Amino acid sequence: VVDAQSIDSVLASIRAEFGEIDILVNNAGITRDNLLMRMKDDEWEDILDTNLTSVFRLSKAVMRAMMKKRFGRIITIGSVVGTMGNAGQANYAAAKAGLIGFSKSLAREVASRGITVNVVAP
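One gets this note's numbering by counting positions in the sequence shown from 1 and adding 1 to each.
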């Protein structure tokens, strides 16, 4: 989910077999826990790319067809860590908090087109 070309390829295959996508569930997520003072750049970037940027890319890729249909559902799996934080998970907490803000903003952009955007935060 971190490679834009892979996303485009998978979505093209899905569309060819099933038609346009009505429901998107963003469920990809990883952790690479470390204290911030020891965290390497790639530990930060891997989490943000997988847990947040992939949601941006996938949501954007399905949005136009949903808007044309005036129907769509985007559900993203978040985490309570996105609202509470957790020691050793600054990268994960930042990504999950970002999902919440992203989803709230996107929901406001597309609600008038019959598209709902929600986060489930177990």
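C-beta atoms are modelled at their ideal positions from N, C-alpha and C, and glycine is treated no differently. Here the structure is a predicted model, which means the values were calculated and not measured.
Item, Value
"Residues that DSSP places opposite Val121 in a beta bridge", "Ile78"
"Opening and closing residue of the beta strand (DSSP E) in which Ile24 lies", "24-27"
"Limits of the unbroken alpha helix (DSSP H) element including Arg71", "Careful: Arg71 lies outside any alpha helix (DSSP H) and carries neither H nor E."
"Three-pair Cβ contact test at 8 Å for the region 52-63 versus the region 3-13", "yes"
"Every unbroken alpha helix (DSSP H) within the region 84-123, with a cutoff of 4 residues, ordered by chain", "91-111"
"Neighbourhood of Val2 by C-beta, 6 Å cutoff - its chain only, sequence neighbours within 5 removed", "Ala29, Ser55"
"Three-state secondary structure (DSSP) of Lys61", "helix"
"Which of helix, strand or coil DSSP assigns to Arg33", "coil"
"Beta carbon of Val111 nearer than 8 Å to that of Thr77", "no"
"Closest by C-alpha distance to Ser113, when choosing among Gly73, Asp47, Ile31", "Gly73"
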